[in-house]
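Trainee:
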Amino acid sequence: MIEIVPSILSADFARLADDIARAERGGARMLHLDVMDGHFVPNLTIGPPVVESVRRTTKLHLDCHLMIEEPERYAEIFVKAGADSVSVHYEAARHLDGCLNLIKKAGAMAGVVLNPATPVSVLEDVLDVADYVLLMSVNPGFGGQKLIPYVLEKVRHLDRLRREKKLALPIEIDGGVHKDNLAEVVRAGCDWIVTGSAIFHSPDAEVTVREMRGIADGATAIPV
Ligand code: DX5
Ligand code: ZN
């Protein structure tokens, strides 16, 4: 099942509940929350209290993307705050296997994230432990950047790997996805498609989510 996953990074934080409701009316079933610490990435965003507030305002699946150092220290706190899935960067987690198991034990899906320049091959052994993989299609830190084209080759590589291993784990992509490149992204093998500015900087977030869901469904109908 393909999911369009609106990233609240580009929403209006003073009117967050309204923006979330718009995305929900457009058919979104998941919401992406970017957590940045100013160290792992050169930007600061939200922490557990905001996740708790969002949890109270919606029943959508909350997908927390931790762009932080020492994710082992904080991952569980985000599950307790209401996250349904929590992903940690391969580049930041010193004890990746332990961290993924911690998230699962706390009751959420556990994801591994790779920066654009980190090869898919590093995941070979951990694929059995992770519940999903997020491939960054921009350098993490900011919304509104351009998708790095070689990441789609990484998506195809990971798609082949999961077929070989007969794993059902979803592939998530994050950064620079908009209506014009969405079909290509879906055909490469992505299941969860995060998109921030294309939705919340559009004139009508509800209409845009609906249009993107239509494009994604259309793309899967076309044989590759
Ligand atoms: C970037 C974040 C993304 C961001 C994507 O570091 O992880 O989730 O919101 O924004 P767009 O869709 O504008 O590239
Ligand atoms: Zn993200």
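Sequence positions in the sequence shown follow our numbering and run -14 to 209.
Just so it is clear, CB atoms sit at the ideal spot from N, CA and C, and this is done for glycine as well.
Quick one: measure Cβ to Cβ for Gly96 and Val123, integer angstroms, because I've assumed they're closer than 8 angstroms.
Mentor: That pair is no contact at about 17 angstroms.
Trainee: Using the Cα positions of Gly126 and Cys84, report the straight-line distance between them to the nearest angstrom.
Mentor: 22 angstroms
Trainee: Given 7 angstroms as the limit, tell me if Asp3 has its C-beta closer than that to any heavy atom belonging to ligand 2.
Mentor: No.
Trainee: Based on the DSSP output, what are the partners of Tyr117 in its beta bridges?
Mentor: Gly96
Trainee: Which class does Pro56 belong to by DSSP, given the choice of helix, strand or coil?
Mentor: helix
Trainee: CB-CB under 6 angstroms to Leu(-6), same chain, minus the five flanking residues each way: which ones, in chain order?
Mentor: Asp19, Gly128 and Gly181
Trainee: So, does the segment 14 to 29 touch the segment 61 to 77, judging by three or more C-beta pairs under 8 angstroms?
Mentor: yes
Trainee: Find the nearest neighbour of Asp144 within the set Leu112, Asp202 and Val194, judged by alpha-carbon distance.
Mentor: Leu112
Trainee: What three-state label does DSSP hand Pro134 in the structure shown?
Mentor: coil
Trainee: Under 8 angstroms between the Cβ atoms of Ile184 and Ile158?
Mentor: no
Trainee: Buried or exposed for Ser106, please, with buried defined as at least 16 other CB atoms from any protein chain shown within 10 angstroms of its CB.
Mentor: Ser106 is exposed by the Cβ-count criterion.
Trainee: Could you tell me which uninterrupted beta strand (DSSP E) segments, each at least 3 residues in length, are contained entirely in the segment 172 to 204, listed from first to last along the chain?
Mentor: 177 to 180
Trainee: Under a three-way DSSP split, which group does Val35 fall into?
Mentor: Val35 sits in a helix when the DSSP states are folded into three classes.
Trainee: How big is the Cα-Cα spacing for Pro34 and Lys164?
Mentor: 32 angstroms
Trainee: Span of the beta strand (DSSP E) holding Glu157?
Mentor: Ile156 to Asp159
Trainee: Alpha carbons only, please: which of Leu120, Arg141, Lys139 and Gly161 is nearest the one belonging to Gln130?
Mentor: Gly161
Trainee: Would you report the Cα separation of Glu37 and Cys49, rounded to the nearest angstrom?
Mentor: 12 angstroms
Trainee: Going by C-alpha to C-alpha distance, which of Pro27, Pro134 and Glu149 sits closest to Glu169?
Mentor: Pro134
Trainee: Give me the Cα-Cα distance between Lys151 and Arg0, rounded to the nearest whole angstrom.
Mentor: Cα-Cα distance, rounded: 43 angstroms.
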